[in-house]
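Visitor: Residue numbers (my numbering): 668 to 933. We put the CB at the ideal spot given by N, CA and C, even for glycine.
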């Protein structure tokens with residue numbers, strides 16, 4: 668009965684974590700891992716680091732999206748993936764750009780080996796779909812939101828216990844004065860944990876994010892190593908932010924760049 672419950676949860680959610688199953692079923696972590704291994708042998712799910720995903724194709728299970736894509740998401744993701752080097756741990760948080768960035772990681776065989784640490788069930792499924800032994804997805808635990816993001820103490824703790832070489836944060840609001848803010852308190856708390864435990868921080872900001880009103884701070888601009896934003900973002904704010912961050916990169920708003928081209932490093 669317990670294993671049937673686990674299999675049903677995977678079918679409905681698309682992704683489950685060991686931590687969530689331990690909490691939901693009231694059993695030990697070892698028991699959950701044994702159950703997942705047994706179900707994987709029966710072909711009922713795929714094991715990933717920290718949990719499991721549906722054994723069916725990507726299109727067979729409804730996967731919640733973080734929201735409608737914003738203008739320039741594709742272009743920002745294309746610029747961002749060029750900052751990644753193989754052999755490290757890349758942290759991906761929530762936001763509409765993150766699944767697109769994950770797709771580009773999967774599609775670039777040069778980015779191997781690589782570990783992707785994420786609080787997004789959508790990102791975890793994208794990475795797992797590669798079926799590549801040199802590409803590892805680690806899904807944090809936490810409370811699942813409607814968009815498929817994991818939040819709360821478990822998610823924050825995971826980013827603290829597994830430091831990343833590069834963390835990607837999708838800005839909900841950003842200004843040159845107040846810095847980067849998140850959509851909500853819980854999401855911002857997880858993003859803050861990413862920032863605090865990463866060697867380098869990359870912030871992705873759409874042109875619509877450039878406005879005040881962010882009540883849930885994530886980072887000041889002097890904590891940002893690279894800021895990727897649209898060339899249609901407000902020029903004055905862009906200029907001020909560019910002097911505060913380590914590096915400013917512009918993506919063509921509303922257009923995707925040619926795939927797999929590298930930026931010349933400055």
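Indicate the three-state DSSP secondary structure (helix, strand or coil) for residue 831 in the structure shown.
Guide: Taking the first residue of the chain shown as position 1, residue 831 is located at position 164. Strand.
Visitor: Using 9 Å as the threshold, is the C-beta distance between residue 784 and residue 751 below it?
Guide: As a working note, residue 784 is residue 117 in the chain shown. As a working note, residue 751 is residue 84 in the chain shown. No, these two residues do not count as a Cβ contact at 9 Å.
Visitor: Please report the distance separating the alpha-carbon of residue 822 from that of residue 815.
Guide: Sequence index remark: in the chain shown, residue 822 carries index 155 (1-based). Sequence index remark: in the chain shown, residue 815 carries index 148 (1-based). About 13 Å.
Visitor: Between residue 800 and residue 903, what straight-line distance do the alpha-carbon atoms span, to the nearest angstrom?
Guide: Start at 1 with the first residue of the chain shown, and residue 800 comes out as number 133. Start at 1 with the first residue of the chain shown, and residue 903 comes out as number 236. Taking the straight line joining both Cα atoms gives about 45 Å.
Visitor: Mind the definition here: the region 692-704 touches the region 798-812 only if three or more C-beta pairs lie below 8 Å; say whether that holds.
Guide: Segments in contact, no.
Visitor: Would residue 916 be called buried (16 or more neighbouring beta carbons within 10 Å of its own) or exposed?
Guide: Within the chain shown, numbered from 1, the residue matching residue 916 stands at position 249. So residue 916 ends up on the buried side.
Visitor: Which runs of the beta strand (DSSP E) at least 3 residues long sit entirely within the region 814-869? Give them in chain order.
Guide: Correct list: 831-837, 840-842 and 846-848.
Visitor: Express the C-alpha separation of residue 766 and residue 775 in angstroms, rounding to a whole number.
Guide: Translated into the one-based positions of the chain shown, residue 775 becomes position 108. Translated into the one-based positions of the chain shown, residue 766 becomes position 99. Approximately 14 Å between the Cα atoms of the pair.
Visitor: If I measure Cβ to Cβ from residue 689 and keep anything under 6 Å in the same chain, skipping five residues before and after, which residues do I get?
Guide: Position 22 of the chain shown, counted from the first residue, corresponds to residue 689. Closer than 6 Å at Cβ, skipping near neighbours: 696 and 699.
Visitor: Since residue 843 contacts residue 742 with CB under 8 Å, what's their CB separation in whole angstroms?
Guide: Position 176 of the chain shown, counting from 1, holds the residue named residue 843. Position 75 of the chain shown, counting from 1, holds the residue named residue 742. The pair is not a contact, with the Cβ atoms about 22 Å apart (cut-off 8 Å).
Visitor: Judging by CA-CA distance, which residue of 755, 712, 796 and 834 is the nearest neighbour of residue 777?
Guide: By one-based count along the chain shown, residue 777 stands at place 110. The shortest Cα separation from residue 777 among 755, 712, 796 and 834 belongs to 755.
Visitor: Label residue 668 either buried or exposed according to how many other C-beta atoms from any shown protein chain fall within 10 Å of its C-beta, with 16 as the threshold for buried.
Guide: Position 1 of the chain shown, counting from 1, holds the residue named residue 668. The residue is exposed, with fewer than 16 neighbouring Cβ atoms inside 10 Å.
Visitor: Mark residue 852 as exposed unless 16 or more other C-beta atoms lie within 10 angstroms of its C-beta, in which case mark it buried.
Guide: By one-based count along the chain shown, residue 852 stands at place 185. Looking at its Cβ environment, which holds fewer than 16 other Cβ atoms inside 10 Å, residue 852 is exposed.
Visitor: Please tell me whether residue 867 and residue 833 are closer than 9 Å, where the distance is taken between their beta carbons.
Guide: Mapped onto the chain shown, residue 867 falls at position 200. Mapped onto the chain shown, residue 833 falls at position 166. Yes; because the gap between Cβ atoms is below 9 Å, this pair is in contact.
Visitor: Roughly how many angstroms separate the alpha carbons of residue 926 and residue 740, rounded to a whole number?
Guide: Within the chain shown, residue 926 is the residue found at index 259, counting from 1. Within the chain shown, residue 740 is the residue found at index 73, counting from 1. Because the pLDDT of residue 926 is 46, which lies under 50, any placement of that residue in the model is unreliable, and the number read from its coordinates should be weighed accordingly. Residue 926 and residue 740: Cα-Cα distance of roughly 14 Å.
Visitor: Which runs of the beta strand (DSSP E) at least 3 residues long sit entirely within the region 742-819? Give them in chain order.
Guide: With a minimum length of 3 residues, the continuous beta strand (DSSP E) runs that stay inside the region 742-819 are 756-759, 781-785 and 802-806.
Visitor: Would you mind stating whether residue 704 and residue 691 have Cβ atoms separated by less than 9 Å?
Guide: Along the chain shown, read from residue 1 onward, the residue named residue 704 stands at position 37. Along the chain shown, read from residue 1 onward, the residue named residue 691 stands at position 24. No, the pair does not count as a contact, with Cβ atoms beyond the cut-off.
Visitor: Going straight from the alpha carbon of residue 818 to that of residue 835, what length do you get?
Guide: Mapped onto the chain shown, residue 818 falls at position 151. Mapped onto the chain shown, residue 835 falls at position 168. Looking at the two C-alpha atoms, the distance is approximately 16 Å.
Visitor: With distances taken between CB atoms, is the gap from residue 795 to residue 685 smaller than 9 Å?
Guide: The sequence position of residue 795 within the chain shown is 128, counting from 1. The sequence position of residue 685 within the chain shown is 18, counting from 1. Against a cut-off of 9 Å, the Cβ pair of residue 685 and residue 795 comes out as no contact.
Visitor: Around the C-beta of residue 878, are 16 or more other C-beta atoms found within 10 angstroms, so that it is buried, or is it exposed?
Guide: Counted from its first residue, the chain shown places residue 878 at position 211. Classification of residue 878: exposed, given that the 10 Å Cβ count is below 16.
Visitor: Quick check: what's the CA-CA separation for residue 894 versus residue 862?
Guide: Here residue 894 refers to the residue found at position 227 of the chain shown. Here residue 862 refers to the residue found at position 195 of the chain shown. Between residue 894 and residue 862, the C-alpha separation is close to 13 Å.
Visitor: Compute the Euclidean distance between the alpha carbons of residue 901 and residue 749, then round it to the nearest angstrom.
Guide: In the chain shown, counting from the first residue as 1, residue 901 sits at position 234. In the chain shown, counting from the first residue as 1, residue 749 sits at position 82. C-alpha separation (whole angstroms): 24 Å.
Visitor: Near residue 896, what residues of its chain come up, given a Cβ to Cβ distance below 6 Å and the 5 sequence neighbours on each side ignored?
Guide: Taking the first residue of the chain shown as position 1, residue 896 is located at position 229. Taken in chain order, the residues that qualify are 872.
Visitor: Measure from the alpha carbon of residue 874 to the alpha carbon of each residue in 909, 857, 841 and 881, then state which is nearest.
Guide: Mapped onto the chain shown, residue 874 falls at position 207. Minimum Cα distance to residue 874 is reached at 841.
Visitor: By DSSP's criteria, residue 713 is part of a beta bridge. Which residues make up the other side?
Guide: Against the chain shown, residue 713 aligns to sequence position 46. Partner(s): 720.
Visitor: Could you check where the alpha helix (DSSP H) with residue 704 kicks off and where it finishes?
Guide: Indexing the chain shown from 1 puts residue 704 at position 37. Its alpha helix (DSSP H) spans residues 696-708.
Visitor: Please classify residue 685: does DSSP put it in a helix, a strand, or coil?
Guide: Along the chain shown, read from residue 1 onward, the residue named residue 685 stands at position 18. DSSP places residue 685 in helix when its eight states are reduced to three.
Visitor: Give the DSSP bridge partners of residue 692, in chain order.
Guide: Here residue 692 is taken as the residue at index 25 of the chain shown, counted from 1. Bridge partners of residue 692: none, in fact.
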